[in-house]
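Engineer: The structure that follows is given in the form of structure tokens.
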Amino acid sequence: MSLPPLPLDAIDVGLHVPDWRAAVGAAGAALERSGSTGPGYTERMVGVIEEFGAYVVIAPGLALAHARPGPDVLTEGLSVVTLAEPVAFGHPHNDPVNVILGLAVTTGDEHVHFVAELANVFNDASIIPALAAAPDAASVRSLLGITAPTGEDASTEETS
Amino acid sequence: MKIVALCGVGIGTSAILKVNAERALERLDIEADVTAADIASVKLAAADAQVILTSSELVPSIGKTNADVIVIDNFFDLDELTAKLETALG
Numbered sequence: 001m002s003l004p005p006l007p008l009d010a011i012d013v014g015l016h017v018p019d020w021r022a023a024v025g026a027a028g029a030a031l032e033r034s035g036s037t038g039p040g041y042t043e044r045m046v047g048v049i050e051e052f053g054a055y056v057v058i059a060p061g062l063a064l065a066h067a068r069p070g071p072d073v074l075t076e077g078l079s080v081v082t083l084a085e086p087v088a089f090g091h092p093h094n095d096p097v098n099v100i101l102g103l104a105v106t107t108g109d110e111h112v113h114f115v116a117e118l119a120n121v122f123n124d125a126s127i128i129p130a131l132a133a134a135p136d137a138a139s140v141r142s143l144l145g146i147t148a149p150t151g152e153d154a155s156t157e158e159t160s
Numbered sequence: 001m002k003i004v005a006l007c008g009v010g011i012g013t014s015a016i017l018k019v020n021a022e023r024a025l026e027r028l029d030i031e032a033d034v035t036a037a038d039i040a041s042v043k044l045a046a047a048d049a050q051v052i053l054t055s056s057e058l059v060p061s062i063g064k065t066n067a068d069v070i071v072i073d074n075f076f077d078l079d080e081l082t083a084k085l086e087t088a089l090g
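Sequence order for the protein chains is G and B. Take 1 as the starting number for the first sequence in my numbering and just add one per residue. Take 1 as the starting number for the second sequence in my numbering and just add one per residue.
Written out as structure tokens, the structure reads:
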């Protein structure tokens, strides 16, 4: 399975936000705008971080905002938000964050497959700074696309 | 051998950790069963596990366990995962 479609309106580049809540809010708004989720999903993503802490900051500079599947997930989706100035999430090693991925899935199962694709892309350490520096949405999409072509049966042999 | 990849809600981050832990184990030529789990199910999932991989943020939520808890800072860094797994299992 490949990465879910990434419409340009699911990408927001160079946002100015005051804090991590607003950053996650922007990732949620992008998911909603692209038709993946309904309004409640953003709050649930914020709720996961409130409940469990900043563990969603899984690599230096990168947060993977997500919540459980639910009725507010209309179709699986991915959003990408980059920040003009990074914000702290409260992670001891990986703060500050300037790239936020929003993730919405309908079931746990299909999710695991496209997460493997995300791992393929992000195992290349240069991708996070490259995304953070991307000038526009099309560049973001092409950066993700170049490293992990969608529509192909990508397998683990792509792993570097 | 059983390894648990732990995150808050059992999707997303734990799935990434599971995928990359499997890649690291392959590098080390170690056979192990890696399971993704969330905080709610970790007690059961980790009952017979040798290692729990997770974020430092979640360590306090694990509670009492016989498994080795390994904190991973960068879930995408196969070198970090490989080195930490090698230390724990070697």
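Glycine included, each C-beta is placed from N, C-alpha and C at the ideal position.
Buried or exposed for E157(G), please, with buried defined as at least 16 other CB atoms from any protein chain shown within 10 angstroms of its CB.
Structural biologist: With a pLDDT of 35 at E157(G), under the threshold of 50, the modelled position of this residue cannot be trusted; read the value that follows with caution. Exposed: under 16 other Cβ atoms inside 10 Å.
Engineer: Quick one: what's got a C-beta closer than 6 Å to V4(B)'s C-beta in the same chain, skipping five residues either side?
Structural biologist: So the list reads T35, A37, A45, A46, A49 and I52, once near-sequence residues are dropped.
Engineer: A58(B) touches chain G at which residues, Cβ-Cβ below 9 Å?
Structural biologist: According to the sequence as given, residue 58(B) is Leu; it is not Ala. Under the 9 Å cutoff, chain G gives F52, G53 and Y55.
Engineer: Please tell me whether L101(G) and A54(G) are closer than 8 Å, where the distance is taken between their beta carbons.
Structural biologist: Going by C-beta atoms, L101(G) is not nearer than 8 Å to A54(G).
Engineer: Name the DSSP bridge partner or partners of L78(G)?
Structural biologist: According to DSSP, which records beta bridges pairwise, L78(G) is partnered with L103(G).
Engineer: Who are the Cβ neighbours of A130(G) in its own chain at under 6 Å, not counting the five residues just before and after it?
Structural biologist: Excluding positions up to five away in sequence, the list reads L143.
Engineer: Excluding the 5 residues preceding and the 5 following I72(B) in the sequence, name in chain order all residues of the same chain whose CB lies nearer than 8 Å to its CB.
Structural biologist: Answer for I72(B): L17, L53, T54, S55, E80, L81 and K84, listed in chain order.
Engineer: From G145(G), V99(G) and P69(G), pick the residue whose C-alpha is nearest to that of V57(G); which is it?
Structural biologist: Minimum Cα distance to V57(G) is reached at V99(G).
Engineer: Contact criterion: CB-CB distance below 8 Å. Does V17(G) meet it with respect to chain B?
Structural biologist: No, V17(G) lies away from the interface with chain B (no Cβ there is under 8 Å from its Cβ).
Engineer: Show which residues of chain B have a CB atom less than 9 Å away from the CB atom of G108(G).
Structural biologist: What G108(G) touches in chain B: G10, I11, A15 and A36.
Engineer: Could you tell me which residues DSSP puts in a beta bridge with K2(B)?
Structural biologist: In DSSP, K2(B) forms a bridge with D33(B).
Engineer: Got a sec: is the Cβ-Cβ distance from R141(G) to anything in chain B below 8 Å?
Structural biologist: No, R141(G) lies away from the interface with chain B (no Cβ there is under 8 Å from its Cβ).
Engineer: Can you give, in chain order, each stretch of the alpha helix (DSSP H) that sits fully within the segment 21–86 of chain G and has at least 4 residues?
Structural biologist: Within the segment 21–86 of chain G, the complete alpha helix (DSSP H) runs of at least 4 residues are 40–52.
Engineer: Taking C-beta to C-beta, are N123(G) and L58(B) nearer than 8 Å?
Structural biologist: No, they are not a contact pair.
Engineer: Return the Cβ separation of V73(G) and A104(G) in integer angstroms, given the expectation that the two are a contact with Cβ distance under 8 Å.
Structural biologist: Between A104(G) and V73(G) the Cβ distance is about 5 Å, and since that is below 8 Å, they are a contact.
Engineer: Whose C-alpha, out of T82(G), T75(G) and L3(G), is nearest the C-alpha of G25(G)?
Structural biologist: The shortest C-alpha separation from G25(G) is found at T82(G).
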